[in-house]
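Report on the structure given below.
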Amino acid sequence: MHLFLHFHKAAGMSLIEFFRRSGYRFHRGNRNGNPWTRDMKKPLLFWNYSPQKLHNWITAIESKKKGCQIMVAEWNFFPKNTFDQLNKFQYITIIRDPWKRYLSNYFYEPDNHLTQGMRKKRNKIINGKTIHQSDYQAILDFANHQIIRNKRGLKLNLSYNQHNYYVRMLNGMGTWSLKKQKAYPLKIEHLEHAKKVLSKFDIVIILEIKESFQQLKRFSTKHRMEHSHQGHRKKPRNIPDSIQLEFKKLNNWDYQLYDYVCQQFSQKRNNMNKKRCHLN
């Protein structure tokens, strides 16, 4: 069985639709493939499970493989203390340049998830023709905003707008308690663990490298993944370079992780080319 780690605003729904068109069955049959309770009343917060409960849950899923071929982790992932459970699935993900993902996140975030002040600042950036460069600071301020999703009685405080989001997710830090005013702090160990986890993935697609999509041929040669945008707002083209540079400083660990993934794919591609040359 496959588990797809769905990084927010990194073409996740496009991949889910690819699997759906290819005939794969999802957990509980829900649209996004996230695990829910049998009665479909609540999402399963598997990242809060004890190692033993997690083991029992995965074992139960494995025993019913015919009913579930793809499961999606959209809100969080396995924490560090359950890393040994990773060998239970075949893992897939799509990763995207951190700045591009964050911009997509900022401009397409639903209005009802933002304060009135944040909506006004965003609309000013989208529609304004002559605005001060300081107004663009609102883009970076988005990372300090708490994103709360209500899921049928459960309130999930999500981190997809936080700095170093990729590293957070791969450490099972995609959600945190509402009692906390800020997301959990990160350390260098979290980056190293994130690299270790991604190195165990069977498929890592890089949105900026078209060749990486060829890995999907093992699932279907008939269908292709078609990237569809989930929003209709246009991102402005005149964002000052200083904002992106500041973002890169604040997201240094995510950029290190992204560079690591690109290097891994490049090495994998070179090894495959060498094998082809040898066979020829």
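Residue numbers for the sequence shown follow my numbering, so the first one is 237 and each next one is one higher. Ideal Cβ placement from N, Cα and C applies to all residues, glycine included.
Nearest to residue i (by Cα), restricted to the options the options
{"i": "F282", "options": "K485, M307 and R454", "result": "M307"}
{"i": "W489", "options": "V497, N400 and P472", "result": "N400"}
{"i": "Y372", "options": "I383, Q382 and N359", "result": "N359"}
{"i": "F313", "options": "N341, H244, H381 and N474", "result": "H244"}
{"i": "V497", "options": "L427, K484, S478 and P476", "result": "L427"}
{"i": "E310", "options": "N270, F343, L339 and N292", "result": "N270"}
{"i": "H381", "options": "Y402, M354 and G364", "result": "M354"}
{"i": "L322", "options": "F255, L390, F262 and H291", "result": "H291"}
{"i": "P476", "options": "K336, K387 and S370", "result": "S370"}
{"i": "E345", "options": "K423, I375, K431 and H368", "result": "I375"}
{"i": "H368", "options": "R388, K431, N474 and L390", "result": "N474"}
{"i": "S268", "options": "R257, R274 and M249", "result": "According to the sequence provided, residue 268 is Asn. The question's Ser does not apply to it. Checked all of R257, R274 and M249; the closest Cα to N268 is M249."}
{"i": "N386", "options": "K423, K277 and N506", "result": "K277"}
Presumed contact (8 Å Cβ cut-off) between residue i and residue j, rounded CB distance
{"i": "Q305", "j": "Y260", "result": "5 Å"}
{"i": "D438", "j": "I328", "result": "6 Å"}
{"i": "N393", "j": "W412", "result": "5 Å"}
{"i": "P315", "j": "N407", "result": "7 Å"}
{"i": "F319", "j": "V403", "result": "With a Cβ gap of about 14 Å, F319 and V403 do not count as contacting."}
Straight-line Cα distance separating residue j from residue i
{"i": "K324", "j": "Q500", "result": "23 Å"}
{"i": "R454", "j": "E298", "result": "21 Å"}
{"i": "H429", "j": "K436", "result": "11 Å"}
{"i": "Q492", "j": "D333", "result": "11 Å"}
{"i": "I362", "j": "Y494", "result": "28 Å"}
{"i": "L481", "j": "N487", "result": "10 Å"}
{"i": "S296", "j": "H238", "result": "It should be pointed out that residue 296 corresponds to Ala in this sequence rather than to Ser. Near 15 Å, if we compare the C-alpha coordinates of H238 and A296."}
{"i": "I384", "j": "D347", "result": "13 Å"}
{"i": "P279", "j": "K289", "result": "16 Å"}
{"i": "N341", "j": "L443", "result": "15 Å"}
{"i": "S502", "j": "M405", "result": "24 Å"}
{"i": "I479", "j": "E447", "result": "30 Å"}
{"i": "Q352", "j": "I445", "result": "37 Å"}
{"i": "F377", "j": "S456", "result": "Just to set this straight, residue 377 is Asp in the shown sequence, not Phe. Each residue's Cα considered, the two are about 42 Å apart."}
{"i": "A379", "j": "Q451", "result": "33 Å"}
{"i": "W272", "j": "G364", "result": "42 Å"}
{"i": "V440", "j": "W293", "result": "25 Å"}
{"i": "H349", "j": "A247", "result": "20 Å"}
{"i": "P421", "j": "F240", "result": "25 Å"}
{"i": "F262", "j": "L251", "result": "13 Å"}
{"i": "F255", "j": "K504", "result": "24 Å"}
{"i": "N284", "j": "S395", "result": "16 Å"}
{"i": "L339", "j": "G410", "result": "18 Å"}
{"i": "K484", "j": "K336", "result": "11 Å"}
{"i": "E425", "j": "N317", "result": "13 Å"}
{"i": "E253", "j": "H242", "result": "13 Å"}
{"i": "F449", "j": "P472", "result": "28 Å"}
{"i": "R274", "j": "L390", "result": "16 Å"}
{"i": "K431", "j": "K356", "result": "38 Å"}
{"i": "R388", "j": "N506", "result": "48 Å"}
{"i": "R257", "j": "F343", "result": "29 Å"}
Cross-strand partners of residue i (DSSP beta bridge)
{"i": "Q326", "result": "H238"}
{"i": "F262", "result": "I306"}
{"i": "R385", "result": "L392"}
{"i": "T411", "result": "L394"}
{"i": "V440", "result": "T329"}
{"i": "P279", "result": "W272"}
CB contact check: residue i to chain B, cutoff 8 Å
{"i": "F243", "result": "The chain inventory of the structure shown lacks chain B, comprising one protein chain alone."}
- Quick one: complete alpha helix (DSSP H) runs, 4+ long, within the region 334-367? 334-344 and 352-363
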